[in-house]
């Protein structure tokens with residue numbers, strides 16, 4: 002029996018991006034021959050997320066726990082899985098010493114260092130907790146994964162140098178979703194959101210402060226001022242809430258309810274993943290205005306869908322962009338409004354999407370030896 006790599010995907014967090022990150026990493030692992038020859042992939046996840054990973058069966062095994070499983074029970078479930086499946090590595094997880102007692106190597110992951118750049122976006126207790134957690138991961142000797150070179154620079158800047166750090170870029174695995182969308186009547190999905198035969202621009206982010214929706218809403222206001230009969234609208238997915246900054250959400254609601262732009266804006270809330278991909282697929286283009294990202298899933302989704310993106314000019318996006326992306330200053334709504342006008346009338350053929358999965362997966366065999 003092969004030894005296994007256990008993907009720890011138990012989560013009580015509202016951050017669904019962490020679950021899709023794991024899905025994307027598994028896809029890359031399955032494209033790395035060195036890993037597939039040596040290891041079987043096992044996923045430990047919540048019952049509600051089983052369907053996210055079932056696309057990989059029978060190439061992986063999936064073990065589920067009840068939704069809402071606490072930390073202690075989650076770790077106990079991980080140990081049981083490790084014993085049953087002869088696990089060699091657990092990823093991503095904090096460097097708990099007891100794994101070493103069983104001959105298991107924990108592999109940690111730090112998505113980003115947002116709290117170091119924007120501490121005001123967090124409660125002090127959360128900044129302290131993140132720093133404490135990061136220091137534990139960084140001081141340990143086990144492998145540590147970051148998602149971008151930008152994050153690696155931040156690690157060294159804010160926490161000092163460390164060996165055994167690996168930059169693992171990921172691509173979005175949405176092939177099966179795209180195939181399913183091609184089979185479905187997309188108009189039925191779009192009709193739910195009053196988007197059939199409509200020109201629209203999509204912004205697909207949660208309404209957290211670092212996602213920077215304000216610059217888009219301010220740009221829309223400028224566009225309407227110049228042209229009071231726009232022929233297109235702006236569609237936002239994601240729930241307008243931010244537990245860290247309720248005052249910020251009040252500002253967003255005020256902007257959304259501005260009479261001058263209200264008819265050009267649709268907020269769809271948190272929607273089904275397939276619906277979101279359908280909306281992205283049929284949009285004119287996407288806007289990704291974030292002030293900070295680790296390695297943005299929205300950008301990777303857009304690449305796979307062959308969509309153009311107006312992309313905030315931040316270091317990680319400079320690293321992540323392709324020829325379909327145009328950078329803009331995330332603090333300049335006027336410049337963004339000009340780019341939106343230019344992009345809506347842009348008809349040049351898009352370059353074909355490039356699949357970087359195999360290239361990005363190479364580094365995995367250095368981690369999981």
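Residue numbers (my numbering): 2 to 370. Built from N, CA and C at the ideal position, the CB exists for glycine as well.
- For the 8 Å CB-CB criterion, residue 354 and residue 322 do not form a contact.
- Nearest C-alpha to residue 2 among 48, 85 and 81: 85.
- Pairing residue 292 with residue 133, the inter-Cα distance amounts to about 24 Å.
- Between residue 79 and residue 46, the C-beta gap is not smaller than 8 Å, which leaves the two residues out of contact.
- Nearest Cα to residue 123 within the set 246, 59, 6 and 222: 246.
- In this structure, the beta-carbon distance from residue 7 to residue 66 does not fall below 8 Å.
- Remark: three or more beta-carbon pairs, one from each stretch, lie closer than 8 Å, so the segment 101–114 and the segment 150–164 are flagged as touching.
- Assigned with DSSP and collapsed to three states, residue 315 falls in coil, not helix or strand.
- Excluding its 5 nearest sequence neighbours in each direction, residue 286 has C-beta neighbours in its own chain below 7 Å: 202, 308, 309, 310, 311 and 344, listed in chain order.
- Taking 8 Å as the cut-off, the Cβ atoms of residue 215 and residue 262 do not count as close.
- For residue 89, the enclosing beta strand (DSSP E) has its first and last residue at 88–92.
- By the Cβ-count criterion, residue 255 is exposed, with fewer than 16 other Cβ atoms from all chains shown falling within 10 Å of its own Cβ.
- The beta carbons of residue 27 and residue 42 sit about 6 Å from each other, so the pair counts as a contact at 8 Å.
- When DSSP states are grouped into helix, strand and coil, residue 200 belongs to the coil group.
- Taken through DSSP and simplified to helix, strand or coil, residue 41 comes out as strand.
- With a cutoff of 8 Å on beta-carbon distance, residue 313 and residue 331 are scored as near each other.
- Using a Cβ distance threshold of 8 Å, residue 77 and residue 362 do not count as a contacting pair.
- DSSP, read as helix, strand or coil, puts residue 163 in coil.
- As DSSP reads the structure, residue 326 sits in a beta bridge with 310.
- Straight across, the Cα-Cα distance linking residue 25 with residue 92 is about 13 Å.
- When DSSP states are grouped into helix, strand and coil, residue 267 belongs to the strand group.
- Checking the DSSP bridge columns, you'll see residue 289 partnered with 312.
- For residue 179, the enclosing alpha helix (DSSP H) begins and ends at 176–184.
- Annotated three-state conformation of residue 109 is strand, per DSSP.
- Pairing residue 324 with residue 356, the inter-Cα distance amounts to about 14 Å.
- Where residue 282 is concerned, the enclosing alpha helix (DSSP H) starts and stops at 274–283.
- Contact between residue 169 and residue 364 is confirmed by a C-beta separation of about 6 Å, below the 8 Å threshold.
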